[in-house]
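When the sequence shown is numbered by the numbering used here, its final residue is 142 and no position is left out of the sequence of numbers. Below: the structure, in structure tokens.
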Amino acid sequence: MRVTLKAMIVLMAVAISVTGCKDSPEEKAKEHGQEIWFEEYLHDYGQIVEDSDGTWSFVFKNLGETAIVINRVRSTCGCTVVDWPHEPFEPGTTGEITVKYNTATTGTFLKSVIVYSTAANSPVKLQIKGKVVAGEAEKEEE
């Protein structure tokens with residue numbers, strides 16, 4: 001009876017440890033090298049004229065070995081609207097996430113957009129910043 005009880009306890013412990021060893025989706029993604037990379041993570045509009053087009057496209061690339069899907073993109077403010085592709089991106093391919101900032105109000109801004117995908121480095125934070133000015137913006141000399 002004692003041997004049977006000990007054997008059952010050992011078997012249960014082994015079963016629990018084996019079950020706990022399964023890779024999480026993130027670990028599997030890292031193992032397969034899934035990664036989404038953006039050409040820039042912060043876009044600075046500089047000065048932008050009030051009521052002008054505040055659209056910017058963040059270009060990304062799948063650096064992984066398997067397809068990546070962008071599940072959701074969330075902006076931190078109602079003044080920022082995002083559009084993203086919903087189809088899978090095969091390794092080496094590029095795509096764009098379009099961000100449109102409402103330039104109706106003057107002043108400085110810094111807004112974030114969070115990208116959720118099947119990549120190992122998800123979520124990714126993208127930001128836009130700038131200053132909305134009335135009238136024509138002064139051109140900065142380089």
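Don't be surprised by glycine CBs; every beta carbon is placed ideally from N, CA and C. What you are looking at is a predicted structure, and each value in this text was computed from that prediction instead of being measured.
{"Asked": "Through-space distance from G135 to G95, alpha-carbon basis", "Found": "34 Å"}
{"Asked": "Distance cut-off 6 Å: E40 Cβ against heavy atoms of the ligand GTP", "Found": "Summarising the ligand content, the structure contains no ligands, and the ligand GTP is consequently not present."}
{"Asked": "Check whether S75 and V113 have beta carbons under 7 Å apart", "Found": "yes"}
{"Asked": "Which residues DSSP lists as bridging H86, in chain order", "Found": "Its beta-bridge partners do not exist; DSSP assigns none."}
{"Asked": "Three-pair Cβ contact test at 8 Å for the segment 64 to 74 versus the segment 101 to 111", "Found": "no"}
{"Asked": "Limits of the unbroken beta strand (DSSP E) element including T118", "Found": "Run containing T118: none; DSSP gives neither H nor E here."}
{"Asked": "For T98 and D83, believed in contact at Cβ under 8 Å, the rounded distance", "Found": "4 Å"}
{"Asked": "Paired residues, beta bridge with T108 - DSSP", "Found": "K131"}
{"Asked": "Residues sharing a beta bridge with L63, DSSP", "Found": "None; L63 has no bridge partner."}
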